[in-house]
Amino acid sequence: MTTDRLRPAAAVLPTALCAAVLGLTSVLLPAAVPGSDQLAARWRLLAEQGWIMNGTGNPDPTVGPYLGQILAGYLQPTSPHFPGQPTFAEYSFQGLTTPEQFCPFVCLPGQPAMDFGTSLNTGVDLLNQAILPQLLGGDDVTVFGYSQSAAITTIAMNALIANAGTDGYPTLDQLGNLHVVLIGDPNNPIGGILDRFAFPGEQHLPFVNIPLSLGATPTEHIAADIYTGQYDGWANFPRDPTNLLAVINALIGILTVHPYYPDYSAEQLASAIDVGTIGDANFYMIPQNLPILQFMFNGGTAGQFFGDFFSPWARLAINWGYGNAGDPAVNGLHPIPAGEFINGSAYQQAFGVAGGPWAMTPTGELYDGSGVMGLFLRMDPLQMLAGVQNALIQSLVGPWADIAAAANGGVLTAEGISVISGITDVLQTITGYDLVNSIDQFLINGWSDLADAVGLGDLLGPDAVMSGVAIPGDGLLDLIGVGFSFVNLFGA
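Numbering-wise, full-length UniProt numbering puts 313 at position 313 of the sequence shown, and it's gapless, one number per residue.
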């Protein structure tokens, strides 16, 4: 969303991150909305209706190309961009205007100034006015939110679930008719910064009225499709706040990834990775270069040469901050597309990169946050070793693949791909990568079989014990929360 490009660069500390992220949520201006009774009467007539909201600083989603971009990219593409992409061809979508303010940082001329909390609450009320009559009438409804409006949608979803079946609210069965599609979701349950920095009670960021207890986007009762650009600091923040490289990379991603979801080409969206499902929520990641190294990949062949040398190592260390061991045998290799805003190298386009900024279990499933807590090394150590071996291989092969591609107009030939694949296979044997993965798979299978045999697979199986980051950072975040609580006591 275009406003995110205006977001204050000063939001570089975790607390400021929370503030800015929350600032991404928005609301509709009361003065811009007709009488609620008239709106309700009109909305009751619409079945299979969809509502599209924009982000901070952009209250009206019908202004400019935004509405068409969202329909073509995420809701009603001519054909699905990737296998299994949820589409909504039968729906009639229209824009839902929201204030999208975050005063004093983003205020709209000619409109009443709203701080984030006020804007957010107003937005939730207006979204409810749009969808409650339809849900109570048994109609199908789809809501699209981007960044700030994704947080509005999240709050509305949590309230609908908490109040299901009470006066004025649909039942849980009726909520089965609601579907949400979110991009750049700051409440993303697998990486949103508002989920990472969530505190109990009514805490808020001091002085700017930004709530810090909004809750994650729910994964039960309401179907959701959540698209996230890798390393988008608002929607894909690391689990380990002590991994400073990962934190800095995510902060840069606020500027280089978050603003561009509507602008991605069909080819770039076709590269989206289905990383898994938790409950009723599907999660898709759009591959990206590391924001911290993107300048190299924008530097022609020479830049890509050095980018593909450093990137495997930096990516491995950064992904460890998300709970991903970086072993292609578990995660696979994911190509990074070319083009504006992403610009993968020839090697990345043809072969892909390992791992990603999401937590994986040792058996290759998306980690949902459950499992045994305690003083465990949360990632599989053999898979971490395999990740190191793979980083070595890719850092040796990738740069020379880019040189070979430069001699052919920037594209690897079929013969070149075959040669590089052969070299990679040899290096995987020489470095012990294949051996380490064989041993790991043998141990994982034996461990799983033993745990299942005694009926304790869910409690003591490998996915329960070795999932998540080595340093969760919960204690550090709790200290931050205590600090906010102390300041909030004095009315700040």
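Don't be surprised by glycine CBs; every beta carbon is placed ideally from N, CA and C.
Predicted, not measured: the structure shown is a model, and the values here were computed from it.
- Put simply, the segment 327-337 does not touch the segment 412-426. Fewer than three CB pairs are less than 8 Å apart.
- The DSSP assignment places 273-278, 281-286 as complete runs of the beta strand (DSSP E) inside the segment 235-296, in order along the chain (cut-off: 3 residues).
- A contact between stretches requires three or more CB pairs, one per stretch, nearer than 8 Å, and the segment 400-414 meets this requirement with the segment 301-317.
- For E100, the number of other beta carbons within 10 angstroms of its own is at least 16, and it is reported as buried.
- Distances from the alpha-carbon of L96 to those of Q268, W320, T62, T217 put T62 closest.
- Excluding five sequence positions before and after F93, the CB atoms of its chain that fall closer than 6 Å to its own CB belong to G50, I52, given in chain order.
- For the beta strand (DSSP E) assignment, the uninterrupted runs of no fewer than 3 residues enclosed by the segment 60-97 are, from N- to C-terminal side, 92-95.
- Taking 8 Å as the cut-off, the beta carbon of G215 is found no closer than this to the beta carbon of G233.
- Assigned with DSSP and collapsed to three states, F144 falls in strand.
- Taking C-beta separations shorter than 7 Å and ignoring five residues to either side along the sequence, the partners of N158 in its chain run G215, P218, following chain order.
- A235 is a Cβ neighbour of P186, given a cutoff of 8 Å.
- In the structure shown, V180 adopts extended strand secondary structure according to DSSP, grouped into three states.
- Each of G416, I286, L316, I430 was checked against the Cα of M384, and the nearest Cα belongs to L316.
- Annotation for P170: L135, L136 place their beta carbon closer than 6 Å to its own, counting only its chain and skipping 5 residues before and after.
- A150 carries a helical assignment under DSSP once its states are collapsed to helix, strand and coil.
- By the neighbour-count definition (other C-beta atoms within 10 Å, threshold 16), D327 is a buried residue.
- L127 and I152 do touch by the CB rule: their CB atoms are close to 6 Å apart, below 8 Å.
- Remark: three or more beta-carbon pairs, one from each stretch, lie closer than 8 Å, so the segment 269-282 and the segment 334-353 are flagged as touching.
- Nearest neighbour of P83 by Cα position, chosen from G168, V275, S213, turns out to be V275.
- If you ignore the 5 residues before and after L182, its C-beta comes within less than 6 Å of the C-beta of G145, A150, I226, all in its own chain and listed in chain order.
- Remark: C-beta atoms of T118 and P59 do not approach each other more closely than 8 Å.
- Just measuring C-alpha positions, the residue of N282, D240, A224, L175 sitting nearest F197 is D240.
- The secondary-structure analysis by DSSP pairs V353 across a beta bridge with H334.
- For G446, the uninterrupted alpha helix (DSSP H) segment begins and ends at 433-453.
- Taking a C-beta distance under 8 Å as the contact criterion, F283 and L366 qualify as a contact pair.
- Annotated as proximal: P357 and N324, with beta-carbon spacing under 8 Å.
- Under DSSP, W400 takes part in no beta bridge, so it has no partner.
- Collapsing the DSSP output to three states places M360 in a strand.
- In this structure Y264 is in contact with G73, their Cβ atoms being roughly 6 Å apart against a cut-off of 8 Å.
- Put simply, of V106, G110, L175, A453 the residue whose alpha carbon is nearest the alpha carbon of Q148 is V106.
- Here P104 is exposed, its C-beta having fewer than 16 other C-beta atoms within 10 Å.
- With a beta-carbon spacing of about 7 Å, A314 and L245 fall inside the 8 Å limit used to define contacts.
- For E220, same chain residues with a beta-carbon under 8 Å away, outside a window of 5 residues either side, are I161, G279, D280 in chain order.
- The beta carbon of F310 sits closer than 7 Å to the beta carbons of L293 from its chain, once the five residues preceding and following it are set aside; these are given in chain order.
- Under a 10 Å Cβ-count criterion, F351 is classified as buried, with 16 or more other Cβ atoms of the shown protein chains found around its own Cβ.
- Exposure of P80 is indicated by the presence of fewer than 16 other C-beta atoms within 10 angstroms of its C-beta.
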